[in-house]
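Quick note: the sequence shown, position 513, residue 513 per the UniProt record's numbering, numbers continuous.
All C-beta atoms in this analysis are idealised placements derived from N, C-alpha and C, irrespective of residue type, glycine included.
From a predicted model like this one, the values you see are computed outputs, not experimental measurements.
Working notes, beginning with the structure itself.
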Amino acid sequence: MGRGAHETSQTSGTFACCGAARARGPFPYGSAPRLPDPSRARGPARSPPHGRTAGALVTALRVERADVVVVGGGGAGLSAALAVAEAAAREDRRVPVVALVSKVYPMRSHTVAAEGGAAGVVGDDDSLEQHVADTLAGGAGLCEDDAVRFVVERAAGELYRLERWGLPWSRTDDGDVAVRRFGGMSRARTWFAADKTGFHLLHTLFQTSLRYSGVDGPVRRYDEHHVLDLVVDDAGGPDARVRGVVVHDQHRGEPLLIEAPAVVLATGGSARAWGTSTNAGICTGDGTAMALRAGVPLRDMEFLQFHPTGLPGSGILLTEAARGEGGVLLDADGRRYLADYGLGPETPVGAPVPRTMELGPRDRLSQAFWHADRDGRTIPTPDGGVVLLDLRHLGKERLAERLPLVTGLAKQFAGVDPATEPVPVRPTAHYTMGGIRTDARGATGVAGLFAAGECASTGLHGANRLGSNSLVETLVVGRAAGEAALAWSRAAGHPGADGGAAGAGAGVGPASADGEVVDRAAEIADRYLAMRGRGTEPPAAIRAELGRVLDADAGIYRDADGLRRALATVEDLRARYADVRVADTNPVLNTDWATTVELGATLLVAHATVAAALAREESRGAHQRLDFPDVDDVPRHSEVRLDAGGTIEVAHVPVGAEHDMRVGKRPITTPMSFSAERGAGS
Ligand SMILES: Cc1cc2nc3c(=O)[nH]c(=O)nc-3n(C[C@H](O)[C@H](O)[C@H](O)COP(=O)(O)OP(=O)(O)OC[C@H]3O[C@@H](n4cnc5c(N)ncnc54)[C@H](O)[C@@H]3O)c2cc1C
């Protein structure tokens with residue numbers, strides 16, 4: 001709950017927001033054009049006066065203010081918030097307020113699940129140029145050069161910063177930071193804390209943020225607060241500008257507007273949309289959907305990374321570090337099959353060689369599995385074919401020291417002790433390479449709106465992320481976005497969370513001077529709240545069908561027939577979502593409602609993803625088309641937009657050509673429409 005929160009009003013203590021309870025939609029993200037998407041209203045729509053509508057659902061809208069809102073308490077969000085807090089500590093001006101909003105307690109953010117490590121150049125045999133070259137090679141032509149350099153040059157600095165803050169990096173016998181090999185990296189440069197790097201990294205960031213979270217500190221936490229949408233002026237237009245976020249306080253069961261001139265989206269990835277995924281249930285693409293509705297293009301969404309070593313059924317990840325430490329992959333006959341699919345020459349067991357065999361890039365290993373499966377070389381199980389990850393030769397002691405989490409996961413979820421038996425694995429949806437289009441520092445093109453971490457597409461990963469590059473991206477771009485957001489907020493001349501006076505009362509100032517922003521926020525909150533107690537379609541059925549179709553038709557290899565099927569299904573699911581059933585009407589901690597709200601975002605992001613995959617008629621990195629096996633000569637980003645009627649449009653833009661981030665600017669190719677009615681690209 002936001003500290004110091006109190007209800008404010010221009011006139012009488014609360015802003016009332018109202019929504020007539022109707023038997024049926026429209027709902028947020030209703031599938032256009034059959035149903036308008038209410039959250040996409042363009043420009044400053046007027047709402048009826050506050051406190052109206054007899055017999056309607058009426059709720060109070062609290063209003064609070066911040067200099068910067070950060071949505072997300074994972075690696076990227078905490079880095080952004082800390083950047084603002086540190087800037088505050090350096091200056092003697094009024095302390096800015098950064099509202100750190102997370103739908104889960106920050107330590108439950110998905111960063112906690114990261115296992116293998118974070119890449120940063122330290123060794124004498126390594127160089128920044130080499131890290132840049134490896135990242136560009138992995139990205140298969142779709143990286144933005146400046147974004148790669150920006151992250152690579154700052155990576156080790158951020159990792160040392162975390163060391164100073166207490167992160168217990170694993171060490172060599174000499175006491176230096178230990179680094180391990182990772183897929184696609186030509187040198188050992190991945191820093192790690194056993195195989196629990198994400199836990200230690202998140203813990204370190206979080207405990208550091210506590211220093212700044214005191215009563216008068218700059219970081220105001222809003223834990224278990226669900227952001228429903230952004231409030232944006234002129235969404236999709238040339239004067240687009242963010243005004244704040246509409247939040248639902250899950251404990252008080254109340255909506256809240258946090259007004260701010262700058263917002264950083266750090267909401268993580270969306271790979272939970274697939275049926276089998278390494279991602280937690282919270283990775284639903286909320287911020288990605290918000291940005292799309294606000295007019296920011298989503299870039300390269302078709303590039304979804306499949307991790308080659310997930311546990312069958314659950315999709316739980318066994319980190320690439322297992323192969324970096326010397327683990328090998330075996331087919332049903334116990335043979336190392338990767339050399340037969342272009343990843344050779346075969347290397348000695350237990351002596352991994354960079355970028356070869358088990359240490360090839362993830363996309364190539366997942367593709368090799370697909371071929372091996374088709375060639376009958378996998379072991380059939382009820383969860384599909386599997387191959388075997390053999391770690392036995394590493395020995396109990398090394399497994400305990402370097403891979404304790406992998407050992408525990410294999411025992412608990414596959415019933416296998418890796419010290420004595422190989423572990424069954426198969427590819428699983430893992431990482432969203434595409435996302436909200438930003439520049440290297442997280443700016444989106446909507447004034448005041450930034451994005452960082454897995455929800456953003458800075459251009460670092462291109463068509464295939466190298467493992468261990470994303471944790472450093474959350475740190476580097478998170479920090480840069482936080483700094484840029486604060487600078488923007490200062491330049492915008494925001495009166496500040498305290499209404500202008502230094503210090504006192506920060507975070508709970510007078511109501512907005514702009515009642516119209518409050519009206520719009522109230523309308524947004526109303527529409528979401530009105531979903532409760534309505535509809536007939538069970539959300540679980542929609543979610544299951546989405547996972548099934550993405551697994552089947554938007555997997556490692558795709559073709560036009562499958563993608564058209566997937567597109568038609570996603571569009572149908574979006575239409576069905578318009579009548580989605582939220583049985584629980586409780587305002588407090590209503591997970592039925594919250595997960596259904598998330599499902600709306602996931603459906604929109606899935607729609608963008610499948611449309612982008614259908615529109616990309618080539619094979620590159622993680623996007624492999626059976627019907628278009630060649631690589632285009634000119635590498636191009638895809639950009640997905642929503643047009644004014646809610647139709648998904650896809651256009652293509654040459655790499656490096658579009659450093660002008662203005663949202664109103666038209667992309668270079670003619671956009672293709674993907675309408676709900678046609679069910680296919682045209
Ligand atoms: C199993 C696994 C292992 C991995 N291992 C590695 C590794 O070894 N090395 C590496 O570099 N990368 C790894 N990755 C990838 C990396 O961990 C992630 O890309 C990264 O941690 C994402 O961080 P983030 O801050 O962007 O998002 P997250 O950590 O996912 O945080 C998202 C935040 O947004 C909040 N949020 C979302 N929606 C809303 C909303 N509507 N309202 C309010 N709050 C919201 C959530 O509460 C959460 O706090 C791994 C990924 C997985 C799944």
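Every alpha helix (DSSP H) of 4 residues or more that sits fully in the segment 337 to 383 is shown, in chain order, as 362 to 374. Using a Cβ distance threshold of 9 Å, G184 and N464 count as a contacting pair.
Pairing R402 with A321 gives a Cβ-Cβ distance under 9 Å. From the listed residues A414, G138, G327, the smallest Cα separation to R355 is found for G138. Comparing C-alpha distances from P539 to each of R574, V177, T428 shows the shortest one belongs to R574. The DSSP-derived three-state label of Y557 is strand.
Short note on C283: C-beta closer than 8 Å to some heavy atom of ligand 1.
In the assembly as shown, Q305 is a buried residue. Its beta-carbon has 16 or more other beta-carbons within 10 Å. Counting along the chain, Q250 sits inside no beta strand (DSSP E), nor does DSSP assign it H or E at all.
Considered as a whole, the segment 170 to 222 harbours 197 to 211 as its complete alpha helix (DSSP H) runs of no fewer than 4 residues, in chain order.
It is roughly 8 Å from the alpha-carbon of R272 to the alpha-carbon of I282. Shortest gap from the CB of C143 to any heavy atom of ligand 1: 8 Å or more. Beyond the five residues adjoining it in sequence on each side, V416 comes within less than 6 Å, by CB distance, of A410, V423 in the same chain, given in chain order. By the Cβ rule, the segment 227 to 235 does not count as touching the segment 561 to 580, because fewer than three pairs are nearer than 8 Å. With a threshold of 8 Å, the Cβ atom of E358 does not count as near ligand 1, since no heavy atom of the ligand is closer than that.
Looking from the CA of A194, the closest CA among L128, A113, A451, A240 belongs to A113. Here D390 is buried, its C-beta having at least 16 other C-beta atoms within 10 Å.
Minimum Cα-Cα distance from A611 among the listed residues A280, D559, G656, V634 corresponds to D559.
K396 places its beta carbon less than 9 Å from that of A419. Taking the CA atoms as reference points, W191 sits about 19 Å from G478. Membership of V597 in the alpha helix (DSSP H) is indicated by the continuous run 591 to 615. Counting C-beta atoms within 10 angstroms of its own C-beta, V215 has fewer than 16 neighbours from the protein chains shown and is therefore classed as exposed.
DSSP lists E259 as the beta-bridge partner residues of R65. Judged by DSSP secondary structure, I648 falls within the beta strand (DSSP E) whose first and last residues are 648 to 654. Your pair T319 and G74 does not check out as a contact, with CB atoms roughly 18 Å apart and the cut at 8 Å. By the Cβ neighbour-count rule, E129 is exposed, with fewer than 16 other Cβ atoms within 10 Å of its own.
Spanning the alpha carbons of R636 and A651 requires a straight line of approximately 10 Å.
For A291 and L449, the gap between their C-alpha atoms comes out near 9 Å. Note that the C-beta distance between V84 and L486 is below 9 Å. For ligand 1, a non-hydrogen atom lies closer than 8 Å to the CB of R108.
Within 8 Å of the C-beta of A452 there is at least one heavy atom belonging to ligand 1.
T135 sits in a helix when the DSSP states are folded into three classes. When secondary structure is reduced to three states using DSSP, Y160 falls in the helix class. Judged by DSSP secondary structure, D286 falls within the alpha helix (DSSP H) whose first and last residues are 286 to 293. Assignment of M301 by DSSP, reduced to helix, strand and coil, places it in the coil class. Under the DSSP assignment, T428 falls in the beta strand (DSSP E) whose first and last residues are 423 to 432.
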